[in-house]
Structures are given as C-alpha cells and as structure tokens.
Amino acid sequence: MSLKDARYILIAGALAIAAFAASGAIGWLSGALLYLIIALAAALPRRSRSMRLAARQKAPAMDWRQAIALPLQAMDEPAYLLRVDGTVKFQNEAAEALFGVSEPNTHLSGRIRSPAILGMVQQAMEDDEPRSVDHSERVPSERWFQVRCAPIAGAPARDHSGKLYLLTFRDMTEARRMDRMRSDFVANASHELRTPLASLTGFIETIKGPAKNDRDAQARFLDIMYEQATRMTRLVDDLMSLSRLEMKTHVAPTDRVDLNRLVAHVTDSMKPLAAEMGVTVALTVPDERVVIQGDRDELIQVLQNLIENACKYGQSGGRVDVAVDVLPTDEGYGSAELRVRDYGPGIAPEHVPRLTERFYRVDIESSRSKRGTGLGLAIVKHILTRHRTRLVVQSTLGEGTTFIVRFERQKTPNDVVLRLIDKEKQGLRVS
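Each step along the sequence shown adds one to the number in full-length UniProt numbering, with nothing skipped, and position 95 is 95.
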C-alpha cells in the first residue's frame with residue numbers, strides 16, 4: 001500500500017468516527033460505508049497496476065534477433081543474416097527466390113558460389129567494416145546487383161564470435177540497362193549524323209576544288225547534298241519528337257478522337273507515297289462510329305509511321321491492308337483494334353522483340369537505302385505508352401507482318417441509343 005493510499009484510509013476512518021459521535025448509529029453506518037468506498041477506490045488502482053505488471057511479466061519478450069529478422073522479411077531485396085564464421089542464420093523470402101533455400105547453419109558458399117562475393121564477405125568480417133562489390137547473374141536473364149556486407153552495430157555479444165553481419169543484394173539491373181541505352185543512343189545518334197555530315201563535307205570540298213568549273217558535276221553533287229541534309233533534318237526531327245514524348249509519357253491524353261475518320265484521313269494522305277513504291281493501300285472500317293481517347297496529332301504520327309514502314313519493307317508484296325475492327329464485350333463498349341498488314345518477306349522471330357528499340361534495324365543497308373532513321377517504331381512505342389496501350393507485332397517469314405494496336409472505346413450518345421434499340425429488338429427489359 002502506498003503512502004497516498006494510507007492517507008485516504010486514515011481520513012475515511014476519522015470521518016467515520018466523527019459521524020458516529022455526532023449522529024449515533026445512523027452516522028456510524030454512513031461513516032462505515034464512506035470508509036469502505038474510499039478504501040476500495042484506493043485499492044483498485046493498485047490492483048490494476050499489479051495486473052498490468054503481471055501481464056508484462058507473462059508476455060514473452062521479443063529476442064533482438066527476431067527484431068532484426070522481421071524487418072528483413074519485409075524487404076523486397078535479397079538479404080542474409082550471417083554469423084562471423086560465414087554460416088547463414090536467416091534469409092528472407094527474396095533471397096530464397098533468387099538463390100534457393102539455405103538449410104539452417106549452412107555456410108553461405110553452399111548457395112552463393114561467386115568468389116568475388118565470398119571474398120568481400122570474408123574481408124568485411126575480418127576488418128569489421130562495411131564492404132561492397134558488383135555482381136552479375138547471366139542465367140536465366142542478365143541481372144546486376146550491388147552486394148554489400150556490413151556488421152550489425154549494437155548486437156549484444158560477449159566476444160567477436162557472437163557478432164552478426166547483414167548481406168544485402170541491391171538490384172541495379174534497370175539502372176545499368178538505362179545507362180547502356182543512353183550510351184548506345186549517343187553512339188548511334190553520333191554515327192547517324194556523322195555519315196551525312198561526312199558526305200556533305202566531301203562534296204563541298206570537291207565542288208570547291210576539282211569540280212570547281214564542272215557544272216554537271218556540281219548539279220549532281222548538290223542533289224546528293226540536298227538528300228543528305230534532308231536525312232539529317234528527318235533524324236533531328238525524330239530525335240526532338242522522342243524527347244518531347246519522354247517528357248509527357250506520364251500524362252495520358254484526354255481528347256476524344258473519331259478513329260474511323262482519322263484512319264481514313266491518314267490512309268488517303270499516304271496513297272501517293274505508296275503509289276510511288278508500287279504499293280496499293282486498302283482500307284476497311286466498320287459502319288458504326290468508333291470514338292477513342294487520345295491525342296489526334298500523335299495518333300496520326302503513329303499511323304503514318306506504320307503505313308510508311310509497311311510500304312517500304314513490304315514493298316515486294318505490292319499491297320498494304322489498313323483496318324479498324326470493333327471488338328464488342330458484354331460489359332462496356334468494347335475495344336477497337338487498328339491493324340496494318342503488309343505482304344512482304346516478313347521478320348525473323350529473333351528481331352521482333354527489338355523492333356521498337358532506337359536505331360535498331362533488321363537490315364541496316366536496306367533501311368538506309370529506304371531513307372529510314374531507325375526511330376519510327378521507337379516513336380510509335382512512346383506514343384502508345386502515353387495512350388496506355390502497346391504495339392503487337394505478328395510476323396511470318398514469307399507471308400508478311402501485321403502491326404496491331406488496341407484501344408478502349410469511349411461511349412457516345414449514339415452508342416447508348418443503339419444499345420437500347422438492340423435490347424428492345426431482343427425483347428429484353430430496358431431499365
């Protein structure tokens with residue numbers, strides 16, 4: 001009993017005696033009740049405190065190793081908890097998925113065979129200082145990791161043998177891939193610009209020197225120079241388009257576009273170019289109106305690139321089919337599928353996944369002879385990414401190639417009326 005509780009009880013007793021002296025039996029009864037109430041009130045907090053203390057004593061205390069292991073389990077990066085002898089005390093699920101399950105108390109080398117990692121871990125344990133090393137995995141796909149081993153500070157240990165070390169694998173694959181793409185892009189862009197610049201420089205020197213008075217040679221060289229300058233202009237324009245698209249990829253367009261009208265407009269504008277190549281462009285669109293959400297100018301650029309590529313690289317087929325199909329569903333207003341098909345030589349399967357890479361060409365000489373910049377399909381990919389859709393390529397050698405884009409349709413007042421009419425015709429109840 002605390003001193004404060006004792007004071008309450010003494011005061012209650014004094015009040016009870018005073019009440020008895022003043023009022024006889026009735027005062028004594030009132031004082032006794034008052035004494036009892038105050039005594040119980042003083043005892044209850046004391047009992048609750050003792051109960052809380054007992055509950056804390058019964059609850060099992062979390063081991064400090066568990067306090068480390070639980071956060072590691074929540075990490076999405078592979079992590080190991082190692083003893084100073086290199087045996088595994090704990091591994092999280094990410095490490096199990098990457099390297100497989102390590103049996104308790106087995107050495108790290110049983111799962112990780114990289115000499116660089118094992119040597120780094122041993123050095124970190126000997127020096128008792130953090131160490132790191134870069135590591136790459138080739139199978140099943142190429143991945144890069146920054147591997148780091150560091151002692152856990154504050155771990156209770158009577159000697160060095162009881163210390164624990166944390167080994168983590170930070171996935172650097174995407175960062176490395178982006179660095180490689182940037183370096184490849186700069187190298188390719190420099191090469192693509194250097195070629196026409198070298199041609200221009202050579203022809204200018206020739207016109208100023210040996211062909212200074214040769215009018216026929218000058219006229220021929222000027223035509224070639226103009227062609228090379230036009231090629232550089234196209235390349236710079238495509239690079240600028242890519243740069244602008246990358247800045248607003250995260251912002252989806254909100255305009256409503258009539259896909260049928262847009263496709264018809266672009267197809268008509270591309271027919272003269274196709275006729276020069278000896279290619280016929282055929283258009284097929286549905287009778288019903290197809291409205292999608294998108295940016296009209298960017299979608300025109302997508303269709304122009306697809307039709308131009310089909311005419312250039314499917315020229316031997318003599319025909320390009322452009323079609324819009326409506327794919328209805330039970331819910332909503334379905335989707336619209338845009339298809340551009342050529343009947344040329346087709347594309348080998350190993351090239352298809354890389355078609356949308358910048359400056360990637362299946363046949364470099366053929367692409368340059370057809371005045372391609374190697375950026376057309378990369379632009380298409382970025383535009384479609386902004387429109388929250390993607391480009392699907394289907395190709396068979398000797399039969400041609402089909403480029404497919406699928407859009408979600410937007411409902412219009414006419415669509416609502418037509419759906420109501422269809423329900424009435426089918427005898428369905430219209431709510």
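Backbone N, C-alpha and C fix where the C-beta goes; we use that ideal spot for every residue, glycine too.
Among 384, 374, 398 and 147, the one whose alpha carbon lies nearest that of residue 406
384
6 Å CB neighbourhood of residue 128 in its chain, flanking five on each side removed:
151
Residues of its chain near residue 308, where Cβ-Cβ distance is below 6 Å and the 5 sequence neighbours each way are ignored
none
Reducing DSSP to helix, strand and coil, say where residue 157 ends up.
Unreliable placement is indicated for residue 157, whose pLDDT of 49 sits below 50; the coordinate value is still reported in the next sentence. Three-state result, residue 157: coil.
Fully enclosed by the region 93-165, which alpha helix (DSSP H) runs are 4 residues long or longer?
93-99 and 115-127
Comparing alpha-carbon positions, which option in 90, 322 and 180 lies nearest residue 306?
322
Going by beta carbon distance, what residues of the same chain come within less than 6 Å of residue 359, once the five residues before and after it are set aside?
188 and 374
Helix, strand or coil for residue 374, going by three-state DSSP, please let me know.
coil
To the nearest angstrom, how far is it from the Cα of residue 399 to the Cα of residue 247?
38 Å
Let's test the definition: count the other Cβ atoms within 10 Å of the Cβ of residue 276 and tell me whether it reaches 16, buried, or not, exposed.
exposed
Specify, as a first and last residue, the run of the beta strand (DSSP E) that residue 408 falls within.
400-408
Would residue 116 be called buried (16 or more neighbouring beta carbons within 10 Å of its own) or exposed?
exposed
With H, G and I counted as helix, E and B as strand and the rest as coil, what does DSSP make of residue 347?
coil
State the DSSP-derived secondary structure class of residue 248, mapped to helix, strand or coil.
coil
Note down the Cα distance separating residue 259 from residue 311, rounded to an integer number of angstroms.
21 Å
Give me whichever residues DSSP pairs with residue 335 in a beta bridge.
327 and 408
List, from N- to C-terminal side, the beta strand (DSSP E) runs of 3 residues or more that fit wholly inside the region 247-311.
256-258, 280-284 and 291-293
What is the DSSP secondary structure of residue 212, reduced to helix, strand or coil?
coil
Anticipated Cβ contact below 8 Å, residue 179 with residue 143, distance rounded:
Wrong, their Cβ atoms sit about 14 Å apart, outside the cutoff.
Is residue 111 near residue 102, with beta carbons less than 8 Å apart?
yes
Along the chain, where does the beta strand (DSSP E) that runs through residue 87 open and close?
It is not in any beta strand (DSSP E) - residue 87 carries neither H nor E in the DSSP assignment.
Taking only the alpha-carbon atoms, compute the straight-line gap between residue 352 and residue 137 and give it to the nearest angstrom.
25 Å
Would you decide whether residue 336 is buried or exposed? Buried here means 16 or more other CB atoms lie within 10 Å of its CB.
buried
Proximity test, Cβ basis, 8 Å: residue 87 and chain C
Any reference to chain C falls outside this structure, which holds one protein chain only.
Answer yes or no: do residue 278 and residue 314 have a C-beta to C-beta separation smaller than 8 Å?
no
If we ignore side chains and look at the alpha-carbon of each, how far apart do residue 133 and residue 67 end up?
27 Å
Start-to-end residues for the beta strand (DSSP E) that takes in residue 396
391-396
Runs of alpha helix (DSSP H) lying entirely within the region 173-224, each at least 4 residues, in chain order:
173-208
Out of 288, 300, 273 and 293, which one is the CA nearest neighbour of residue 265?
300
Give me the Cβ distance between residue 245 and residue 131, rounded to the nearest whole Å; I'm assuming they're in contact under 8 Å.
Between residue 131 and residue 245 the Cβ distance is about 42 Å, and since that is not below 8 Å, they are no contact.
Beta-carbon gap between residue 401 and residue 347 smaller than 8 Å
yes
Cα separation between residue 72 and residue 251?
36 Å
Alpha carbon to alpha carbon, how far is residue 261 from residue 243?
28 Å
Nonlocal neighbours in the same chain, by C-beta distance under 6 Å from residue 302, ignoring five residues either side
380 and 383
Roughly how many angstroms separate the alpha carbons of residue 200 and residue 225, rounded to a whole number?
6 Å
Could you tell me whether the Cβ atoms of residue 270 and residue 257 are closer together than 8 Å?
no
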